[in-house]
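Chemist:
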Amino acid sequence: MVRRRNLLTTLLIVLPWALLLTLWHQYPATRYLILLRKETEENATAKARFNGTSLLREEGLPSCSWQQASGVAPKVIQNYVYSRPPPWSDTLPTIFVITPTYTRAVQKAELTRLANTFLHVQNLHWLVVEDSPRRTNLVSNLLEKAGLNFTHLNVESPQSLKMSGPSIPSHKPRGTLQRNLGLHWLRDSFNNTQPPEGVVYFADDDNTYSLELFEEMRYTRRVSVWPVAFAGGLRYESPIVSPAGKVVGWKVVFDRNRPFAIDMAGFAVSVRLILERPQATFKLEGVKAGYQESSLLKDLVTMDGLEPKAANCTKVLVWHTRTERPMLGNEGKHGFSDLRMEV
Amino acid sequence: MKSLLLSRFLLLLPWGLIVLLLLDTDSSRAPLAPPARPPRPTAPRQPALPPIYAITPTYSRPVQKAELTRLANTFRQVARLHWVLVEDAARRSELVSRFVSRAGLPCTHLHVPTPRRYKRPGLPRATEQRNAGLAWLRQRHQHLPPPQPGVLFFADDDNTYSLELFEEMRTTRKVSVWPVGLVGGRRYERPVVENGKVVGWYTGWRADRPFAIDMAGFAVSLQVILSNPKAVFKRRGSQPGMQESDFLKQITTVEELEPKANNCTKVLVWHTRTEKGGMSEDVELSIKVNQKSVKRY
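Heads up: the protein sequence lines correspond to chains A and B, in order.
Going by this note's numbering, the first residue of the first sequence is number 8, and it counts up by one from there.
Going by this note's numbering, the first residue of the second sequence is number 930, and it counts up by one from there.
#1: Kindly indicate which three-state DSSP category Lys1126 (chain B) falls into: helix, strand or coil?
#2: Taking C-alpha atoms, which residue in A:Arg120, A:Asp306, A:Gln114, A:Ala116 lies nearest to Ala1001 (chain B)?
#3: Might you give, ordered along the chain, the residues of its own chain that have their beta carbon closer than 6 angstroms to the beta carbon of Lys258 (chain A), omitting 5 neighbours on each side?
#4: Residue ranges of each alpha helix (DSSP H) run of no fewer than 4 residues wholly in the stretch 1139-1164 of chain B, ordered along the chain?
#5: Looking at the C-beta of Asn50 (chain A), does it have a partner C-beta in chain B at a distance below 7 angstroms?
#6: Which residue or residues does DSSP assign as beta-bridge partners of His1040 (chain B)?
#7: Am I right that Pro202 (chain A) and Arg279 (chain A) are in contact with their C-beta atoms under 8 angstroms? What's the rounded C-beta distance?
#8: Output the boundary residues of the beta strand (DSSP E) element that contains His354 (chain A).
#9: Three-state secondary structure (DSSP) at Ile175 (chain A)?
#10: Between the stretch 990-1007 of chain B and the stretch 1029-1040 of chain B, are three or more C-beta pairs nearer than 8 angstroms?
#11: Are the CB atoms of His1011 (chain B) and Pro986 (chain B) nearer to each other than 7 angstroms?
#12: What's the gap between the Cα of Ser936 (chain B) and the Cα of Leu14 (chain A)?
#13: In the DSSP assignment, what are the bridge partners of Phe103 (chain A)?
#14: Where Val1183 (chain B) and Leu1177 (chain B) are concerned, what is the direct C-alpha to C-alpha distance, given to the nearest angstrom?
#15: Do Thr108 (chain A) and Glu137 (chain A) count as a contact pair if the criterion is CB distance below 7 angstroms?
#16: Leaving aside the five residues before and after Ala268 (chain A) along the sequence, list all residues of the same chain whose C-beta is less than 6 angstroms from its C-beta, in chain order.
#17: Is the Cβ-Cβ distance between Ala1018 (chain B) and Glu1097 (chain B) less than 7 angstroms?
#18: Which residues in chain A sit within 7 angstroms of Ile947 (chain B), going by Cβ to Cβ distance?
#19: So is Leu1092 (chain B) in contact with chain A if we call contact Cβ pairs under 7 angstroms?
#20: Please list, in chain order, the chain A residues whose beta carbon lies closer than 9 angstroms to that of Pro980 (chain B).
#21: Are there 16 or more other CB atoms within 10 angstroms of the CB of Ala977 (chain B), so buried, or fewer, so exposed?
#22: With a 10 Å radius around its C-beta and 16 neighbouring C-beta atoms as the bar for buried, classify Arg11 (chain A) as buried or exposed.
#23: Tell me which residues of the stretch 313-336 of chain A have at least one Cβ-Cβ distance to chain B shorter than 7 angstroms, keeping chain order.
#24: Run through DSSP, which three-state label would Ile981 (chain B) get?
#25: Helix, strand or coil: how does DSSP classify Pro1025 (chain B) here?
#26: Do we get a CB-CB distance below 7 angstroms when we pair Val206 (chain A) with the residues of chain B?
#27: When the Cβ atoms of the stretch 1110-1120 of chain B are set against those of the stretch 1133-1153 of chain B, are three or more pairs found closer than 8 angstroms?
#28: Note down, one range per segment and in chain order, each alpha helix (DSSP H) of at least 4 residues found wholly within the stretch 246-286 of chain A.
#29: Closest Cβ-Cβ distance between Trp944 (chain B) and chain A: below 7 angstroms?
#30: Checking contacts by CB at 7 angstroms: is Thr215 (chain A) closer than that to chain B?
#31: If we count the other Cβ atoms within 10 Å of its Cβ and call it buried at 16 or more, is Asp270 (chain A) buried or exposed?
#32: How many angstroms separate the CA atom of Thr150 (chain A) from the CA atom of Ala116 (chain A)?
#33: Just reading off the beta strand (DSSP E) that Val232 (chain A) is part of, what are its end residues?
#34: Taking 7 angstroms as the CB-CB cut-off, is Thr16 (chain A) touching chain B?
#35: Less than 7 angstroms between CB atoms is the rule here; does Tyr243 (chain A) satisfy it with respect to chain B?
#36: If you measure from the beta carbon of Ser302 (chain A) to each beta carbon in chain B, is any gap under 7 angstroms?
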């Protein structure tokens, strides 16, 4: 009698604990779900603030989160935004991406897929600089709809430098004025004594960028470098990195004499360094093919000061793709399709 | 007395915890998706969106990884998109397998080689791969009751897609159509729409086709594909440029087409093509000039 009772009582005691353990095991994410929910609510408010301050169109005015702190009331956005970047973080260094662009048939497509990539990157500020006498509606509308943090600038290249014209070997490099305007904006917008944490990257609108690339460049102290696919007539061009982690040369075929034998897409410069050396710009005159990058970098850093990224320059995270010119032969001399439809 | 209370308390404690746990799970589970799914970039509080299946044929060439990368960057911004990648290969390549494992969105990796006799220029391309994608979808849903929600479209790996396009196609009931930029020798090609119905085709190339539309210009609801199990892309008797027509006429008529993109007045997808080489023009020209000067000797 007593034994059975004892058994019963032990069972009654053990049963709930066993149940508890199984339930806990089945729903281990309960705690995490609660945390997640809180996070998404925070995200929603951060996004609302973030949107309102990114739509300034005036040239030369910082148009992003630096105004957030002052508590500016968010503007009403008329365009539907299909996606938003991750919320701005006050602790993460900013990536300033300078993209020169010019009007041609594939421009909107290129900028669209570039925006689709940039929407993944946190704390990215896109500086789009048009090669045009004034900012076009196409680019303005695209930037507003994209939902990114951006600044829209423009500077027209003189006829001899125009990006859309045919290129000649002893030529002037393209996109130079536009990139320099981007640098100028940065120097105007930020104080040298209190430079923001961040990095500047020159992203042409027809290249392809992996998301990993941006995290590699984010913590650049001075100038960081990495391999670029399809540059210089090779599968990829790359800096040569010594076992000690220093750049000692360039694995290239095209013009090995270049001081920095690297493509525009293969390096990033810290904002602080840009502000410290206000005279460092891309040179316009007397620059041979492939030397444009060197014309800027030689005023900023020496080879042993370069920081190799992408696992000591063993991974390709950016591709120098080029888009074919579309065949528009059926448009004829006077144009056929309705120009009111934006392409 | 005390020991009795204590023992009673200890007895009731686990039951109380169980009740709390169950309440907690119930309340926290309801508004959120189950934790096993990958996190979605868009707002979670929505009724279940119809999934979008993107069937992408792909083949090995230098720019393949770049194309897939930027395509993935776009697709990852779209809620409930399932990517069906079909390689033109006899077996899964390492590059694409590695890529798929890190793609960051639901992905199905298939492969089917194109028979060599069909690889001549001028013949339709990617037929076997698109059909493999269709077969996979049909097989996956074969035992599920109709109507199955979802939309599928054929996304070539070098085109460019805006995010707006996916929201337009998501509401497809049977077959929807929209303009495509930079195709047919013109800035864009599009269906001609009157009173919300497609009445013709505005294109620079063979406007006499029954469906004068590019592969990137339409989407089909999953149920239509499941209800027409024999509808596939044909090789026999199919000329290039007729693939879309031959396929669509098996599943729909022009009257049934649903025009999207504001009655087909907005371009939301572009038929971009990537150059094979990729080096910058000035470098390329410089190399050519150097080669020319070498040849003189």
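Every residue, glycine too, gets a C-beta built ideally from N, C-alpha and C.
Modeler: On the basis of the data shown:
#1: strand
#2: A:Arg120
#3: Ser245, Ile247
#4: 1151-1156
#5: Confidence at Asn50 (chain A) is low in this model, with a pLDDT of 39, below 50, so the placement of that residue should be treated as unreliable; the coordinate-derived value is given next. Answer no: the Cβ-Cβ gap between Asn50 (chain A) and chain B never drops below 7 angstroms.
#6: B:Glu1016
#7: 4 angstroms
#8: No answer is possible for residue 354 (chain A): it lies beyond the span of chain A, which begins at 8 and ends at 350.
#9: Caution applies to Ile175 (chain A), whose pLDDT of 48 falls short of 50 and renders its modelled position unreliable; the value that the coordinates give is listed next. The answer is coil: DSSP assigns Ile175 (chain A) none of H, G, I, E or B.
#10: yes
#11: no
#12: 16 angstroms
#13: A:His132, A:Val207
#14: 9 angstroms
#15: yes
#16: Trp257, Val259
#17: no
#18: Pro23, Leu26, Leu27, Leu30
#19: yes
#20: None at all; the shortest Cβ gap to chain A is about 17 angstroms.
#21: exposed
#22: exposed
#23: Trp326, His327, Thr328, Arg329, Thr330, Glu331, Pro333, Met334, Leu335, Gly336
#24: strand
#25: The residue you asked about is not Pro; residue 1025 (chain B) is Val in the sequence shown. If DSSP states are grouped into helix, strand and coil, Val1025 (chain B) belongs with the helices.
#26: no
#27: yes
#28: 278-283
#29: yes
#30: yes
#31: buried
#32: As written in the sequence, residue 150 (chain A) is Leu, which differs from the Thr given in the question. So the alpha carbons of these two residues sit roughly 13 angstroms apart.
#33: 230-232
#34: no
#35: no
#36: no
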